[in-house]
Each structure stands twice: as C-alpha cells, then as structure tokens.
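Protein chains: 4
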Amino acid sequence: MSARADRTAASLPRRGDYPYALPIQTRWMDNDAHGHVNNVEYYSFFDTVVTAWLIQEAGLDVRAADVLGLCVDSRCTFHASLTFPETVEARLRVGRLGRTSVRYEIALFSADGDEPAATGAFVHVYVDRVGRRPTPIPPDLRRALEALDAARPT
Amino acid sequence: MSARADRTAASLPRRGDYPYALPIQTRWMDNDAHGHVNNVEYYSFFDTVVTAWLIQEAGLDVRAADVLGLCVDSRCTFHASLTFPETVEARLRVGRLGRTSVRYEIALFSADGDEPAATGAFVHVYVDRVGRRPTPIPPDLRRALEALDAARPT
Amino acid sequence: MSARADRTAASLPRRGDYPYALPIQTRWMDNDAHGHVNNVEYYSFFDTVVTAWLIQEAGLDVRAADVLGLCVDSRCTFHASLTFPETVEARLRVGRLGRTSVRYEIALFSADGDEPAATGAFVHVYVDRVGRRPTPIPPDLRRALEALDAARPT
Amino acid sequence: MSARADRTAASLPRRGDYPYALPIQTRWMDNDAHGHVNNVEYYSFFDTVVTAWLIQEAGLDVRAADVLGLCVDSRCTFHASLTFPETVEARLRVGRLGRTSVRYEIALFSADGDEPAATGAFVHVYVDRVGRRPTPIPPDLRRALEALDAARPT
Numbered sequence: 281m282s283a284r285a286d287r288t289a290a291s292l293p294r295r296g297d298y299p300y301a302l303p304i305q306t307r308w309m310d311n312d313a314h315g316h317v318n319n320v321e322y323y324s325f326f327d328t329v330v331t332a333w334l335i336q337e338a339g340l341d342v343r344a345a346d347v348l349g350l351c352v353d354s355r356c357t358f359h360a361s362l363t364f365p366e367t368v369e370a371r372l373r374v375g376r377l378g379r380t381s382v383r384y385e386i387a388l389f390s391a392d393g394d395e396p397a398a399t400g401a402f403v404h405v406y407v408d409r410v411g412r413r414p415t416p417i418p419p420d421l422r423r424a425l426e427a428l429d430a431a432r433p434t
Numbered sequence: 281m282s283a284r285a286d287r288t289a290a291s292l293p294r295r296g297d298y299p300y301a302l303p304i305q306t307r308w309m310d311n312d313a314h315g316h317v318n319n320v321e322y323y324s325f326f327d328t329v330v331t332a333w334l335i336q337e338a339g340l341d342v343r344a345a346d347v348l349g350l351c352v353d354s355r356c357t358f359h360a361s362l363t364f365p366e367t368v369e370a371r372l373r374v375g376r377l378g379r380t381s382v383r384y385e386i387a388l389f390s391a392d393g394d395e396p397a398a399t400g401a402f403v404h405v406y407v408d409r410v411g412r413r414p415t416p417i418p419p420d421l422r423r424a425l426e427a428l429d430a431a432r433p434t
Numbered sequence: 281m282s283a284r285a286d287r288t289a290a291s292l293p294r295r296g297d298y299p300y301a302l303p304i305q306t307r308w309m310d311n312d313a314h315g316h317v318n319n320v321e322y323y324s325f326f327d328t329v330v331t332a333w334l335i336q337e338a339g340l341d342v343r344a345a346d347v348l349g350l351c352v353d354s355r356c357t358f359h360a361s362l363t364f365p366e367t368v369e370a371r372l373r374v375g376r377l378g379r380t381s382v383r384y385e386i387a388l389f390s391a392d393g394d395e396p397a398a399t400g401a402f403v404h405v406y407v408d409r410v411g412r413r414p415t416p417i418p419p420d421l422r423r424a425l426e427a428l429d430a431a432r433p434t
Numbered sequence: 281m282s283a284r285a286d287r288t289a290a291s292l293p294r295r296g297d298y299p300y301a302l303p304i305q306t307r308w309m310d311n312d313a314h315g316h317v318n319n320v321e322y323y324s325f326f327d328t329v330v331t332a333w334l335i336q337e338a339g340l341d342v343r344a345a346d347v348l349g350l351c352v353d354s355r356c357t358f359h360a361s362l363t364f365p366e367t368v369e370a371r372l373r374v375g376r377l378g379r380t381s382v383r384y385e386i387a388l389f390s391a392d393g394d395e396p397a398a399t400g401a402f403v404h405v406y407v408d409r410v411g412r413r414p415t416p417i418p419p420d421l422r423r424a425l426e427a428l429d430a431a432r433p434t
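Protein chains in written order, with the numbering used here: chain A, 281 to 434; chain B, 281 to 434; chain C, 281 to 434; chain D, 281 to 434.
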C-alpha cells in the first residue's frame, strides 16, 4: 500500500497535464494485507497505459515489430491509496524524447478528485529485436510520440 | 522485460554490498510476451525482500503492529533480463535511516554472475495504523535496521 | 494461455445467461510468453467479478463483516484466448445457493462475439471471521443472492 | 484466501504421492486483504510447477518448440491457507496421459505437515504452434511423462 508523500497537493500535476487516459478496473487481488492496492500494482498500471498507447494509438505491433522497447528505468512517488473495486484512471504524457529512448511520465487518479494518487516515470530504450542493441525510434512511432507531446498543455 | 542500461558494469554494486539475501523462485507468468520477467515483477521482488526481512529478521508483526510502513517512493534501474525458471536472489541493505522513514536499497541477481540484473530503492514511512500520521520508527525495528546497516561492508 | 476446448460452441452459454457484468481492462503483464493472457489471470477475473458484485451490489463489507467467504473450490474451462489490450467482460450468476455456501458460475467474454472465452465456477463457504467455522450466509447477502439468481433467464 | 474444505484429512494425498517437487517462495503481494495467499495465486503455483518440470526435467523448449501445450481445463480444491513469507512446496504427478493431452495433478504443501493446503489438476492439450490444431505429444516429452508417471508410488 502507499501513503500520501510529504509534499503539498498544490504542486502535484492534474489530469489535464496528461493527454492520454486509460481507465483500469482494479482487481480484488490487487489489494494487499493492508487492504489497499499494493505498491507493485501501480507499476502494472504504468506498464499497461504505456503499452496500450503504443498498440492502440501509435499502431506499434509490440509482438512482431523489428524493434522492441526495453524498460531501463522506472520510478513512482505514492501520494494516496487506491482500493478495490475502484477504477483507476492512468494518464500518460511524454517526458523526454531522445534518439533511441523515450521517457514517459504517468499519473494515476481515483475516480473522484483531481489530485493524482501516484506520479512516476518509465523509460524505454529501443533495441533491435534480435541483437538487442540500441536503435533509433522508428519514424512512425516518433511521429506518434511527437503528437502525444504536442497534445500536452503548455 | 528489461535491458542492460547504459552504464559500465564496473560501477555496479556486488552481492557482498548487501548483507541480507532472499532467494525467490520465478513463476511462469512472470515472463511477459517478450519472454523475460516483466519489469513490474522486479518491484514485487523488492517488496518481498523488504517485507520478508521485516517479518523474519526484525520480528515486525506486519499485520497487527501499531505502526505500518507505507511505501512513498520506489525506483528501479534495469541492467539485465531475468527469465523463468531461474531463481532470483534479492539482496537488501539500508540506504538512509531517518526518524520516521527508512530507505532500503535492493539489488537482484541471477544465479550465476556477480553483477546485478537490477538495482533500486524503496522508501517506507512509518505511520500509526489508525490515524495514518507519520510516527517514529519503533525502537526494536530501529535496532534491527541499525544492525542491518552495520553488517554492510565499509 | 488457453485453447478452444473440445466441445461445440453451440453448447456454450451466452452473455444473457449471466445477469451481472463487469468489464475488466487487461494489463500488459497478463500476457505470458505465448502472447496471450495467462490461464492464471482468468481466475483473477473470476475472483474480481465475484468480489465486485459482493461489494457493489450486495453491500457486503468484505473487510469488516463478521463473516468471511472462503474459496474452497474453483475451476475453469478455457475455450478461446484473450489478449491485451482488450477489455474482458466477466459475467456472473448463482449456480447453487446453500445454507453456508454459494457456488457462483462465471463466464468471460471478449468484446466481440457472444461465445465465452472461458466458463467456470467458484465456491465460497461462509465462516465467522475469528473462529473460521462455517456459518449461515447472512440474511442480507442471501436476499441479494436470491435476487441475482432470480434475474437469470429461465 | 482459502479454507479447509469439508473432507477428512485422512483421504488427502501425501507428499510422497507426487514424485516431482518445486519450492516456491511466496511474495508479499500474494497475501490479499484477508491476510493469506489469495486463491488465484494457487493456480500460479500450479502453472509454475508444470512449466518448471517441462523445462528443467522434460527438456521442452517452451518458447521455440514446434508444439505448444495449451491449458484447456484447471481446477483446485482448497484445504488450508498459505501465508507469506512461507515457502510453498508444489508437487506434481501425471493424472492421465492421452495421445494429444495430459492431465497433471498437483498438490501444494506448507513447510510443516504432510497434508496438502490444496489439491488440483491442470490439463494441457498439445497443438502445433502455428495452426493451433491438436497434435500428438512429441516422443521425447511422452517418454518424460511416462517416467514421471512411473515414479509415482503404486
């Protein structure tokens, strides 16, 4: 489970700061012995919103494409608890877009309220599927990432 | 799945840098569609080694104690892939011990080799179980944390 | 992952045979190394639709009620694969309502098509929370179960 | 979580009835809000002992072989609870060996005691990887299954 971290809510991002949203139904077994969604599951929500965007919005064939995004770094700051049976809204934006890597920023929201229960990041490095050496992000995916980034409020 | 991050192996910590070790059998479903343990499961190994130490070494009754450790921050850097059916060795040390919080540092190792597949951190803030306000780490737990920290090579 | 079992689709139940429905967003890590939702996750969908119904429809306080439903038996027959990022519809009906136990019947559906990807059952025995001895299903819950059963087409 | 089912312990199988054993470290998040390993995770232990045996004992390359075992049916009867941080022993035997399918029987044991916490079954149908049509179990795997079956006490 997780707790409100020691920072003021005023400084936290809002839903509108993240252009893409995916609702995720929590599962009974997400709750741990403390009665709230276990901290590990937050990363499952991160992983899911990133990959759903890649498949559904960017059109990446994650199972057959020549390239593969490997997670090299992720992190999460927990601000409030989530509890089954609520539906969590996972929201996504581009943090930094490099030549071979992209940093996604994610926030998780409860159904009510505009403050995130968690904020975090997830870095993908693109490699070729066979040799697993870093490789440039393919042009189609780069365009989709640029569009996602452009949809972010300024 | 995960990739070797862009850093030299020479700078990575070794098994001996972490005094406590827990072997964790991987599960078939840990492997994701890319054929390696999914990045989310690495946090499950973090969460498990921390809580196993708390129960088995520090004697904390995680279900009934007056205080509760809430995860407020975690992070992981992925250096190499892990694959079912290997047994992962999760190793633990104290990173920073504060008045109401403790930062654990964790490394995950494959059966062979002395370089970690992942390194990361996990911060617990202690709160009272009912009001969930930050509270000092209980004396018994503090002593156990100090002993774990003292067991770290200098 | 799972396969079409050796039975004719004609004999399989349809959506309308199960009065209660819960959409569940699949997660990237549900997919196993074969590229489809792992068989274990089907039981997570079973567990989730039962508990969501208990909390949201029957009004049971699953964390504080004097009684507790313990799973003593479950089973699943797999008819077709499910794949991230699809949303699964889990549907529920009462199979058999006894004095201290209830057998739920569940079917999982893909977004398209009226044939279930899986059908199965889940048996709860009610016990008192402290002594864990079988105890009659509480009257309020029994009424909710009877109403769910009555909503099933005849 | 799970409960002792309504059957006498005398009728339950013992460790020695299952020739193959795999110890599986429980994980903190296996525990659900009732404080015991969630019923769904029992199937993860089933899935894991079957696949570990296939890879480590039968030498099947589960990711590249021409054939694939698809789970078409599984079931579990829960006799007693399991709780983190205990190590579960998953034990395996052959139930029925057919031309294109095999039924495994599994029992889960706590570290202490000789009565299973759960017993169940898991049916694999073999299909060719591409067309996914039932296909005979390959000769090498059949021999390994026959040897596992022969190792069962009579």
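Beta carbons: idealized from backbone N, C-alpha and C, even for Gly.
Just so you know, these numbers come straight off a predicted model, no measurement behind them.
Per-residue contacts from C:A332 into chain A (C-beta, under 7 angstroms): Ordered by position in chain A, the residues that pass the 7 angstroms Cβ test against C:A332 are P365.
Give the list of continuous alpha helix (DSSP H) stretches no shorter than 4 residues that lie fully inside the stretch 335-409 of chain D. Counting only runs that start and end inside the stretch 335-409 of chain D, there is no alpha helix (DSSP H) element of at least 4 residues.
Open item on the list: Does A:T434 pass the burial test, meaning 16 or more other C-beta atoms within 10 Å, or should it be called exposed?
Closed with: Around the Cβ of A:T434, a 10 Å sphere holds fewer than 16 other Cβ atoms; the residue is exposed.
6 angstroms CB neighbourhood of B:V330 in its chain, flanking five on each side removed: Taken in chain order, the residues that qualify are Y384, F402.
query: Count the other CB atoms within 10 Å of the CB of C:V410; is the residue buried (16 or more) or exposed (fewer)?
result: Answer is exposed; the Cβ neighbour count stays below 16.
Exercise. With a Cβ-Cβ cutoff of 8 angstroms, do C:P416 and C:R371 count as a contact?
Worked result: The answer is no: Cβ separation not under 8 angstroms.
Tell me, to the nearest whole angstrom, how far the beta carbon of B:N318 is from that of B:D327; I am working on the premise that it is less than 8 angstroms. About 15 angstroms separates the beta carbon of B:N318 from that of B:D327, a gap too long to meet the 8 angstroms contact definition.
ask   = Using a Cβ-Cβ distance under 8 angstroms, would A:R355 count as near chain D?
value = Chain D, which has no Cβ nearer than 8 angstroms to the Cβ of A:R355, makes this no.
Exercise for review: With DSSP as the reference, label C:L302 as helix, strand or coil.
Suggested key: In the structure shown, C:L302 sits in a strand (DSSP, three-state: E or B).
Check each candidate in A:G400, A:V405, A:Y406, A:P419 and name the one with the smallest Cα separation from A:P293. The residue with the shortest Cα to Cα distance from A:P293 is A:G400.
* **Separation of B:E369 from C:E395, as counted between CA atoms** => Whole-angstrom Cα-Cα distance: 44 angstroms.
- Message: For a contact defined as C-beta to C-beta under 8 angstroms, what are the partners of C:A313 on chain D?
- Response: V342, R343, listed in chain order.
Checklist entry - Considering D:R294, what are the terminal residues of the alpha helix (DSSP H) in which it resides? => result Taken as a continuous stretch (DSSP letters only), D:R294 belongs to no alpha helix (DSSP H), as it is neither H nor E.
> Relative to chain B, which residues along the stretch 315-331 of chain C have a C-beta separation below 8 angstroms, given in chain order?
Replying inline: So the list reads G315, N318, V320, E321, given in the order they occur along the chain.
* Using DSSP with H/G/I as helix, E/B as strand and the rest coil, what is A:P414? -> In this structure, A:P414 counts as strand in the three-state DSSP scheme.
Would B:A427 be called buried (16 or more neighbouring beta carbons within 10 Å of its own) or exposed? By the neighbour-count rule (16 or more Cβ atoms within 10 Å), B:A427 is not buried but exposed.
Q. Between the stretch 375-389 of chain B and chain D, which residues of the former have CB atoms less than 9 angstroms from a CB of the latter, in chain order?
A. Hits within the stretch: zero.
- Message: Can you check whether the C-beta of C:P303 is within less than 8 angstroms of a C-beta belonging to chain A?
- Response: For C:P303, the closest Cβ of chain A is nearer than 8 angstroms.
Notebook entry, point to check: What is the DSSP secondary structure of D:N318, reduced to helix, strand or coil?
Noted result: Collapsing the DSSP output to three states places D:N318 in coil.
Of all Cβ atoms in chain D, is any one closer than 8 angstroms to the Cβ of B:R307?
Using a CB distance cut-off of 8 angstroms, B:R307 counts as an interface residue toward chain D.
message: Closest to D:H314 by C-alpha separation, out of C:T363, C:E321, C:L350, C:P418, would be which residue?
response: Among C:T363, C:E321, C:L350, C:P418, the Cα nearest to that of D:H314 is on C:L350.
> Which residue's Cα is closest to the Cα of A:R376: A:M309, A:A301, A:R432, A:D310?
Replying inline: Comparing Cα positions, the closest option is A:R432.
Self-check item: Under 8 angstroms between C-beta atoms of B:A397 and B:L362
Solution: The beta carbons of B:A397 and B:L362 sit closer together than 8 angstroms.
Boundaries of the alpha helix (DSSP H) in which D:A430 is found, first to last residue
Counting along the chain, D:A430 sits inside the alpha helix (DSSP H) bounded by residues 419-430.
* Per-residue contacts from B:V347 into chain A (C-beta, under 9 angstroms) -> In chain order: nothing, as chain A lies at least about 12 angstroms away.
Excluding five sequence neighbours on each side, which residues of the same chain lie with their C-beta closer than 8 angstroms to the C-beta of D:Y425?
Here residue 425 of chain D is Leu; the residue named in the question, Tyr, does not match the sequence. Taken in chain order, the residues that qualify are A338, V374, L377, V382, I417.
>> Please state whether the Cβ-Cβ distance between A:Y323 and A:C356 is less than 8 angstroms.
In response: In this structure, A:Y323 places its C-beta atom within 8 angstroms of the C-beta atom of A:C356.
Exercise for review: Check whether the Cβ atoms of B:F325 and A:V352 lie closer than 8 angstroms to each other.
Suggested key: No, the Cβ-Cβ distance between B:F325 and A:V352 is not below 8 angstroms.
Under the rule that 16 or more other beta-carbon atoms within 10 Å means buried, what is D:D310, buried or exposed? With 16 or more other Cβ atoms within 10 Å, it is buried.
Item to complete: Could you tell me how far apart the beta carbons of B:I335 and D:P365 are, in whole angstroms, since I believe they sit closer than 8 angstroms?
Response: Approximately 5 angstroms separates the beta-carbon atoms of B:I335 and D:P365; this is inside 8 angstroms, confirming the contact.
- Query: chain B beta carbons: is any one of them nearer than 8 angstroms to that of D:I417?
  - Reply: Using beta-carbon distances, D:I417 does not count as an interface residue toward chain B, since no partner is under 8 angstroms.
task = Can you pull the chain A residues whose beta carbon is under 9 angstroms from the beta carbon of B:V410, in chain order?
result = Under the 9 angstroms cutoff, chain A gives no residues; its nearest Cβ is about 13 angstroms from B:V410.
Looking at the C-beta of A:V368, does it have a partner C-beta in chain B at a distance below 8 angstroms?
Among the residues facing chain B, A:V368 is not included, as its CB has no counterpart in that chain under 8 angstroms away.
message = Between the alpha carbons of B:A430 and B:L302, how many angstroms are there, rounded?
response = Our two residues, B:A430 and B:L302, have alpha carbons roughly 19 angstroms apart in a direct line.
Inset, instruction - Look at the alpha carbon of A:V347 and the alpha carbon of A:D297, and state the distance between them as a whole number of angstroms. - result: The straight-line gap from Cα to Cα measures roughly 29 angstroms.
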